[in-house]
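Enquirer: Numbering (this note's numbering), first residue to last: 489 to 672.
Below is the structure I would like to discuss, written out as structure tokens.
The structure is reproduced here in structure tokens:
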């Protein structure tokens with residue numbers, strides 16, 4: 489598959505000759521009527537994206553391509569703006585959600601504190617009420633003991649002077665003595 493060693497210098501010389509031929513063509517300016525040059529000697533016809541570059545039937549495709557490229561650029565710009573606005577709105581929404589969550593947490597804490605205070609207030613009111621009841625019972629016992637003491641002192645001071653009043657006062661003193669609960 490490899491060429492024999494004797495052919496290698498010959499191939500190398502042939503390759504150099506071909507390369508020299510191409511290099512010499514690059515040094516010379518092309519002729520004005522050369523079709524490969526692109527403008528055939530008329531500078532007015534030369535340019536970018538002209539009918540000469542693309543051909544007569546390609547002009548419509550070129551304009552459509554340009555229109556579509558402009559439309560794509562406009563849509564891409566709108567997309568970028570929409571994405572930026574979307575990101576901004578998401579950020580605002582996340583901030584609002586965080587604020588709402590904090591407010592909700594604070595509200596729950598406030599409600600718990602309020603419930604605790606109301607519970608303590610109910611307990612205090614119950615304690616005050618029970619103390620008032622106890623105070624009223626003690627006052628009642630105190631008054632009943634005074635009444636008994638007064639009746640005994642009255643009975644000792646007037647036992648013989650008015651026996652009828654003793655008989656009448658005896659049922660009266662017996663009734664209150666039996667009526668109040670907790671009296672001994």
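All C-beta atoms, glycine included, are put in the ideal place defined by N, C-alpha and C.
For residue 646, which three-state DSSP category applies?
Expert: Coil at residue 646, not helix or strand.
Enquirer: What would DSSP say about residue 494, mapped onto helix, strand or coil?
Expert: Note: residue 494 maps to coil in three-state DSSP.
Enquirer: In angstroms, rounded to a whole number, what distance separates the CA positions of residue 585 and residue 596?
Expert: Each residue's alpha carbon lies about 16 angstroms from the other.
Enquirer: Between residue 587 and residue 617, what straight-line distance do the alpha-carbon atoms span, to the nearest angstrom?
Expert: Each residue's Cα considered, the two are about 44 angstroms apart.
Enquirer: Report the rounded CA-to-CA distance for residue 590 versus residue 570, giving the unit in angstroms.
Expert: Cα-Cα distance, rounded: 30 angstroms.
Enquirer: Within its chain, find whatever has a CB closer than 6 angstroms to the CB of residue 640; leave out the 5 residues flanking it on each side and keep chain order.
Expert: Closer than 6 angstroms at the Cβ level, and outside the excluded window around residue 640, lies no residue.
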